[in-house]
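See below for the structure under consideration.
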Ligand SMILES: Cc1ncc(COP(=O)(O)O)c(C=O)c1O
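Numbering (the working numbering), first residue to last: 936 to 1329.
Here's what the structure looks like:
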């Protein structure tokens, strides 16, 4: 069978196996002490006051929307270039989606577009920016755009854990520190920069939101005597909200703790690979990498380029045993969204043009220089071939 180079791959070692096996010897398999330790580790990493670990990134987004009070009759705004989970989280709360176009170079929500859309729609209660590929949205500008409307900002930082970025005043922030948002959501799916197999978390600095998130992750149940309405027997519990089981297991948390310890090294390697790609493509006409911040300390999770003849390049690389991917099919063009919310192709021209050109090349910490050179050579060959490539756009 042909060996393919994947576009992403988890980076796990013996330490994760050992620490997970240790948990299996204990009495606590889920929602126990390792989960608490993992949450402490996340707070240290993100510079946040509360971290609530949950079963998936999707659950993190859904519970954050619920904790923000998003419900029927409300609207929420997000990017058309996101995974479906981001917008679906708002839909699952019974709210209606609204989109704003993206920025052509950074591929994140354009904050001017966000301001324009918010100005004409007072029902938007939540804004959900996505840090695509790890590149952090200009959160201070986005917060300015949202200030008049009072919309609550929930960051989808599923691609960006461990990243640092600078605001307009030059102050450095860590992703998840909540400087410009109410909550930040993470996913620990295998292709993310920290993995627990499946898993997610929400960070926040708001005590009340943290309390609601903890309640919502466990069927809306409380056992805290101070929160209970009645004076009960010791085994009693009360349900205060309708919710689901969003718990993370302790053996997943043990894996996550090792991943957090390794993150600085994994992040550096991803940064190195990004820099090598950028240098290799600097003079190559036809390929434009995602724009990088000036002082870059991003935790890159994807190497996205805009490529001339994208579909033919995808096929050329696949024929050479190199898998690539497209992040993402614009959400507003999905049949479900068109059927239920009357969104249409043509609504967001920058996002749609991006989609015709976007390609994610292999990027993961264990990608060797030789493997990366293979990708670079294959891309160069594609553009240096004699026959002109059919453009996907322009
Ligand atoms: C931007 C974004 N948000 C959220 C999610 C959902 O995370 P999970 O797969 O952990 O549920 C994904 C999944 O890939 C994603 O890409």
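By construction, the Cβ of each residue, glycine as well, lies at the ideal position given by its N, Cα and C atoms.
- In the structure shown, the three-state DSSP call for residue 958 is helix.
- For residue 937, there is no enclosing beta strand (DSSP E), as DSSP marks it with neither H nor E.
- In the DSSP assignment, residue 1012 forms a beta bridge with 1033, 1062.
- Residue pairing by DSSP places residue 1160 opposite no residue, since no beta bridge is assigned to it.
- With three or more CB-CB distances shorter than 8 Å, the region 990 to 999 counts as touching the region 1009 to 1022.
- Under the criterion of beta carbons closer than 8 Å, residue 954 and residue 1192 qualify as touching, at roughly 7 Å.
- For residue 1274, the three-state secondary structure derived from DSSP is helix.
- For residue 1079, the enclosing alpha helix (DSSP H) begins and ends at 1074 to 1082.
- Between residue 1189 and residue 1252, the C-beta gap is not smaller than 8 Å, which leaves the two residues out of contact.
- Exposed is the label assigned to residue 1007, since fewer than 16 other Cβ atoms lie within 10 Å of its Cβ.
- Annotated as distal: residue 1076 and residue 1041, with beta-carbon spacing of 8 Å or more.
- Partner residues in the beta bridge of residue 1107, as assigned by DSSP, are 1101.
- A straight-line Cα-Cα distance of about 24 Å links residue 1047 and residue 1024.
- Residue 1103 and residue 1234 have their C-alpha atoms some 19 Å from each other.
- A straight line joining the alpha-carbon of residue 1261 with that of residue 1290 spans about 8 Å.
- Per the coordinates, the alpha-carbon of residue 1092 lies some 11 Å from the alpha-carbon of residue 1109.
- Residue 1216 sits away from residue 946, with the two beta carbons spaced by 8 Å or more.
- With a contact defined as Cβ atoms closer than 8 Å, residue 1183 and residue 970 qualify at about 6 Å.
- In the three-state DSSP reduction, residue 1183 falls in the coil class, being neither helix nor strand.
- Ranked by Cα distance from residue 1067, the options 1026, 1013, 1053 are led by 1013.
- When the Cα atoms are used, residue 1083 and residue 984 turn out to be separated by approximately 26 Å.
- Around residue 1134, the same chain offers 1123, 1183, 1187 as residues with beta carbons nearer than 6 Å, after the five sequence neighbours per side are excluded.
- Counted as a single uninterrupted DSSP element, the alpha helix (DSSP H) harbouring residue 992 occupies residues 992 to 1002.
- In the same chain as residue 1094, and ignoring 5 residues on each side of it, the C-beta atoms closer than 6 Å to its own belong to 1066, 1068, 1069, 1236, in chain order.
- Pairing residue 1271 with residue 1284, the inter-Cα distance amounts to about 20 Å.
- Per DSSP, residue 1090 lies in no alpha helix (DSSP H); the unbroken beta strand (DSSP E) holding it starts and ends at 1087 to 1091.
- Under the rule that a run must span 3 or more residues, the beta strand (DSSP E) segments found entirely inside the region 1159 to 1238 read 1222 to 1224.
- By DSSP's assignment, residue 1122 forms a beta bridge with 1135.
- Excluding its 5 nearest sequence neighbours in each direction, residue 944 has C-beta neighbours in its own chain below 7 Å: 1299, 1301, listed in chain order.
- Between residue 1219 and residue 1318, the C-beta spacing is below 8 Å.
- Excluding residues up to 5 positions away in sequence, 1070, 1209, 1213, 1233 lie with their Cβ nearer than 8 Å to the Cβ of residue 1227 in the same chain.
- Between ligand 1 and residue 1094, a heavy atom-to-CB distance of less than 7 Å is present.
- Under the criterion of beta carbons closer than 8 Å, residue 981 and residue 1112 qualify as touching, at roughly 6 Å.
- With fewer than 16 neighbouring CB atoms inside 10 Å of its own CB, residue 1054 falls in the exposed class.
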